[in-house]
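Engineer: Take any residue in the sequence shown, note its place counting from 1, add 7, and you have its number in my numbering.
A virtual CB, placed ideally from N, CA and C, is assigned to each residue, including glycine.
For reference, the structure I am asking about is given below.
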Amino acid sequence: MLVFACTRWPGLMPPNFSAAYALTFCAGVYFGKRMAWFLPLSVLLFTDGALNIHYGQPFRPYQLFTYVGYIGLIGIGRCLGPNASAPKLLMGSLFGAILFYLVTNTAAWFFNPFRNPEYTRDLMGWIIALTKGTANWPDTWVFFRNTLTSSGLFTALFVGTMKLAESPEEEESLDTEAERPAETPA
């Protein structure tokens, strides 16, 4: 969790290149019911608070949509579970990163016209929110590229580590349980 928190610090990594997406997804895959939700979301709240202080900005209501995206990542991980294959988990993580991008940039498009006239309330404004973004920031496709890259890289590292850590005995017991016929009640 400490390494994860450090990957969010400004200037340490490229913009939106973070373990956040992979960690929330993998928490859904590998952590227990309560811990899957509590641990990553509490670390995200803490680091977001630190980032808001660093940038001198208050918490804004549209930031809640980032948590909707993170909750979606955890949910996708919960649906797939630890028995899913590594390629399936990687694809789930990338799918979650795409949904995260769409949710957060759609929220920016919806809320920014009140503060920023660069996003109009039409299809063209939404497309600008998804591709160009606002002035004084990199294009949003750069953030998206970094989100996909970091999500894929960190998920591959986390999942690869977990798959390699599985003992052969665990795999054998799972295989024999799958081969055993279902017991019928007496």
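(1) Roughly how far, in whole angstroms, is the beta-carbon of G99 from the beta-carbon of F32, given that I think they are within contact range, below 8 Å?
(2) Could you give the C-beta distance for F165 and A29, rounded to a whole number, given that I count them as a contact under 8 Å?
(3) Please report the Cβ distance between W133 and W148, rounded to the nearest whole angstrom; I am assuming they are in contact, meaning their Cβ atoms lie under 8 Å.
(4) Counting only beta-carbon atoms, is N153 nearer than 8 Å to chain B?
(5) Between which two residues does the alpha helix (DSSP H) harbouring A142 extend?
(6) Would you list, in sequence order, the uninterrupted alpha helix (DSSP H) runs of no fewer than 4 residues that lie entirely inside the stretch 35-62?
(7) Using 8 Å as the threshold, is the C-beta distance between I83 and P47 below it?
(8) Determine the direct distance from the alpha carbon of Y126 to that of N119, and round the result to whole angstroms.
(9) Whole angstroms is fine: what's the gap from A43's alpha carbon to N143's?
(10) Does the separation of the CB atoms of V75 and V36 fall below 8 Å?
(11) Let me confirm a value: F107 is counted as buried when at least 16 other C-beta atoms fall within 10 Å, else exposed. Which label applies?
(12) Output yes or no for whether 8 Å exceeds the beta carbon distance between F45 and A114.
(13) Buried or exposed: where does I60 fall if 16 or more other Cβ atoms within 10 Å of its Cβ makes it buried?
(14) What are the start and end residues of the alpha helix (DSSP H) that includes S25?
(15) Taking I105 as the reference, give the member of G39, T54, R152, F11 with the closest Cα.
(16) Would you identify the three-state DSSP class for N153, choosing helix, strand or coil?
(17) R187: buried (16+ other C-beta within 10 angstroms of its C-beta) or exposed?
(18) Under 8 Å, do S158 and L101 count as touching if we go by C-beta distance?
Structural biologist: Short version:
(1) Indexing the sequence shown from 1 puts residue 99 at position 92. Indexing the sequence shown from 1 puts residue 32 at position 25. Indeed, because the Cβ distance is near 7 Å, the residues count as touching under 8 Å.
(2) For the purposes of this step, residue 165 is taken as residue 158 along the sequence shown, with counting starting at 1. For the purposes of this step, residue 29 is taken as residue 22 along the sequence shown, with counting starting at 1. F165 to A29, Cβ: 6 Å. Contact.
(3) On the sequence shown, position 126 is the one that residue 133 refers to. On the sequence shown, position 141 is the one that residue 148 refers to. W133 to W148, Cβ: 14 Å. No contact.
(4) Here chain B cannot be found, since the structure has a single protein chain.
(5) Mapped onto the sequence shown, residue 142 falls at position 135. No alpha helix (DSSP H) contains A142, which DSSP labels as neither H nor E.
(6) 40-62
(7) One-based indexing of the sequence shown puts residue 83 at position 76. One-based indexing of the sequence shown puts residue 47 at position 40. Their beta carbons are not under 8 Å apart, which means I83 does not touch P47 by this criterion.
(8) Locating residue 119 in the sequence shown gives position 112, where the first residue counts as 1. Locating residue 126 in the sequence shown gives position 119, where the first residue counts as 1. Between N119 and Y126, the C-alpha separation is close to 7 Å.
(9) Indexing the sequence shown from 1 puts residue 43 at position 36. Indexing the sequence shown from 1 puts residue 143 at position 136. Rounded to the nearest angstrom, the two C-alpha atoms are 36 Å apart.
(10) Residue numbering aside, residue 75 sits at position 68 when the sequence shown is read from its first letter. Residue numbering aside, residue 36 sits at position 29 when the sequence shown is read from its first letter. It is not a contact, given that the beta carbons lie outside the stated cut-off.
(11) As a working mapping, residue 107 is identified with position 100 in the sequence shown. That one is buried.
(12) Taking the sequence shown and counting its residues from 1, one reaches residue 45 at position 38. Taking the sequence shown and counting its residues from 1, one reaches residue 114 at position 107. Not closer than 8 Å, so no.
(13) Sequence index remark: in the sequence shown, residue 60 carries index 53 (1-based). Exposed, by the Cβ-count rule.
(14) As a working note, residue 25 is residue 18 in the sequence shown. Careful: S25 lies outside any alpha helix (DSSP H) and carries neither H nor E.
(15) Counting from 1 along the sequence shown, the entry for residue 105 is found at position 98. For the residues G39, T54, R152, F11, the minimum Cα distance to I105 belongs to R152.
(16) Position 146 of the sequence shown, counting from 1, holds the residue named residue 153. Reduced to three states, the DSSP call for N153 is helix.
(17) Translated into positions along the sequence shown, residue 187 becomes position 180. Residue confidence for R187 is low, a pLDDT of 49 falling below 50, so the modelled location carries little weight; the figure read from the coordinates is stated next. Classification of R187: exposed, given that the 10 Å Cβ count is below 16.
(18) As a working mapping, residue 158 is identified with position 151 in the sequence shown. As a working mapping, residue 101 is identified with position 94 in the sequence shown. Yes.
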